[in-house]
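Residue numbers (my numbering): 400 to 773.
Here a beta-carbon is modelled for each residue, glycine too, at the ideal position from N, C-alpha and C.
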Amino acid sequence: MNNSRFFTPAKLGHHTLKNRIVLPPLTRQRSTQPGNVANELMAEYYQQRAGAGLLVTEGTQIEPRGQGYAWTPGIHTPEQIAGWRKVTEAVHAVDGVIFAQLWHVGRVSHTALQPDGAAPVSASAVATDRVSVFIETAPGAGELVPPSAPRALSTDEVQELVQLYIQAARNAMDAGFDGIELHCANGYLVNQFISAHSNLRGDQYGGSLHNRLRFLKEVVAGVAECIGKEKVGVRFAPLFTTTDEARTYLGMVEEDPHTTYIEAIKVLQDVGIAYLSIAEADWDNAPAMPLSFRQAVRDSFSGAIIYAGRYTAESGAQLLDSGLADLVAFGRPFMANPDLPARIANDWPLNALNPATVYGGTAEGYVDYPLYPG
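This is the structure we're talking about:
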């Protein structure tokens with residue numbers, strides 16, 4: 400198999416990446432408690448995977464209300480910023496490039512995770528279904544539960560949230576990150592504003608598609624102005640179909656997903672950000688993303704384009720060869736293979752992932768996967 404396509408340099412903002420392999424955001428729930436602080440174990444995990452051209456951290460909540468799962472890290476306190484600095488220093492020590500994914504779950508949360516046990520916040524007071532959140536039941540133990548009913552943010556609160564995203568981006572710069580990725584996918588807060596299913600607002604942030612994209616536009620433009628557009632990426636999950644499969648969270652399928660997301664991508668193009676990351680449907684037997692959509696993405700966006708979606712080295716190389724993607728992200732394989740770029744380069748076999756150790760826990764199933772030949 401010819402995987403050399405992965406190992407040509409790629410331009411992303413001001414960076415020239417050493418390869419076209421990306422570690423995408425992967426929730427691992429290993430932050431130090433209390434405080435949701437990134438730690439030395441996480442620094443080791445990311446440093447092990449710094450052979451990727453680009454590393455993107457797990458979703459990192461921008462404020463206390465942004466948390467939907469126990470033990471996920473934040474980036475809104477001095478302790479959290481200091482914790483992430485350990486991670487960025489470890490990655491930079493081996494010449495890696497790392498962006499922080501900024502995350503607010505919105506309605507995908509529970510009163511047990513919210514300050515003072517309050518209701519989660521969202522674009523509108525519309526509950527979600529077929530979703531689970533993870534709450535702590537005892538130190539180191541927890542359970543999946545349905546999310547709590549949300550309340551609608553006021554117009555003033557929406558504008559305050561734009562400022563919270565900007566401050567989180569500033570915090571990421573203080574922590575030494577090379578840039579940030581805005582999590583606008585998978586039915587979380589920004590997606591809740593974009594979607595006609597969850598946004599029933601009557602103010603300037605609701606109604607028409609133009610209005611539903613306003614929150615996205617203000618966040619992207621505000622963050623780009625603060626830290627530089629070349630340091631900003633955005634992740635979308637433009638689903639064209641759904642599944643009844645039990646999953647922690649799925650994004651929402653719009654009535655016209657093609658138009659919705661191409662218009663959203665034009666917002667990014669207008670700001671001139673560094674990259675767009677697209678998370679594809681990744682359940683068993685999920686239909687392929689329409690080629691017409693991929694082509695429209697390429698035609699609408701001039702920055703780097705990343706796709707993630709159960710790719711193999713072979714299918715990822717084919718996507719790069721098509722010219723429709725600049726980089727390919729590998730999730731599950733990268734969890735189990737810290738040396739994944741070397742394995743792809745040499746066509747070495749892959750370690751199998753242990754699903755039982757993906758979320759929470761210790762070093763086991765996190766930093767103890769062997770390098771080849773193991």
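Distances from the alpha-carbon of residue 671 to those of 589, 425, 702 and 547 put 702 closest. In terms of Cβ geometry, residue 618 and residue 652 do not form a close pair [threshold 8 Å].
Selection 416, 691, 726 and 749 evaluated against residue 737 yields 749 as nearest (Cα-Cα).
Going by DSSP, residue 614 is part of no beta strand (DSSP E) but of the alpha helix (DSSP H) stretching over 613-626. Per DSSP, the unbroken alpha helix (DSSP H) holding residue 591 starts and ends at 588-593. Boundaries of the beta strand (DSSP E) harbouring residue 460: 453-460, taken from the DSSP string. The beta carbons of residue 591 and residue 636 sit no closer together than 8 Å. Within the segment 479-506, the complete beta strand (DSSP E) runs of at least 3 residues fall at 497-502. Judged by beta-carbon spacing, residue 739 lies beyond the 8 Å limit of residue 727, meaning their Cβ atoms are not closer than that value. If you look at residue 676, you'll find it in the beta strand (DSSP E) that goes 674-678. Taking 8 Å as the cut-off, the Cβ atoms of residue 579 and residue 501 count as close. Annotation: residue 463 to residue 524 spans about 19 Å, alpha carbon to alpha carbon.
Residue 580 sits in a strand when the DSSP states are folded into three classes.
Distances from the alpha-carbon of residue 685 to those of 661, 643, 481 and 674 put 643 closest. Boundaries of the alpha helix (DSSP H) around residue 569: 554-573. Less than 8 Å separates the beta-carbon of residue 447 from that of residue 766.
Nearest Cα to residue 639 within the set 504, 517, 537 and 658: 658.
Secondary-structure assignment with DSSP links residue 521 through a beta bridge to 551. Secondary structure note for residue 697: its alpha helix (DSSP H) is the uninterrupted segment 690-699. The DSSP-derived three-state label of residue 530 is coil. For residue 652, no alpha helix (DSSP H) encloses it, and the DSSP letter there is neither H nor E. Between residue 758 and residue 426 the beta-carbon gap is near 7 Å, inside 8 Å, which marks them as a contact.
Rounded to whole angstroms, residue 445 and residue 495 show a C-alpha spacing of 9 Å. Bounds of any beta strand (DSSP E) do not take in residue 439; it lies within the alpha helix (DSSP H) bounded by 439-447. Within the same chain, and ignoring the five residues on either side of residue 415 in sequence, the residues whose Cβ sits closer than 8 Å to its Cβ are 408 and 409. Going by DSSP, residue 716 is part of the alpha helix (DSSP H) stretching over 712-721. Separation of residue 562 and residue 497 (C-alpha to C-alpha, rounded to the nearest whole angstrom) is 23 Å. If you draw a straight line from the Cα of residue 630 to the Cα of residue 615, it is about 17 Å long.
Counting only residues of its own chain and dropping the five nearest sequence neighbours on each side, residue 756 has a CB closer than 6 Å to the CB of 763 and 764. It is roughly 9 Å from the alpha-carbon of residue 706 to the alpha-carbon of residue 423. By the CB criterion at 8 Å, residue 546 and residue 532 fall inside the cutoff. The three-state reading of DSSP puts residue 468 in strand, counting E and B together. Straight-line spacing of the CA atoms in residue 683 and residue 667 works out to 31 Å.
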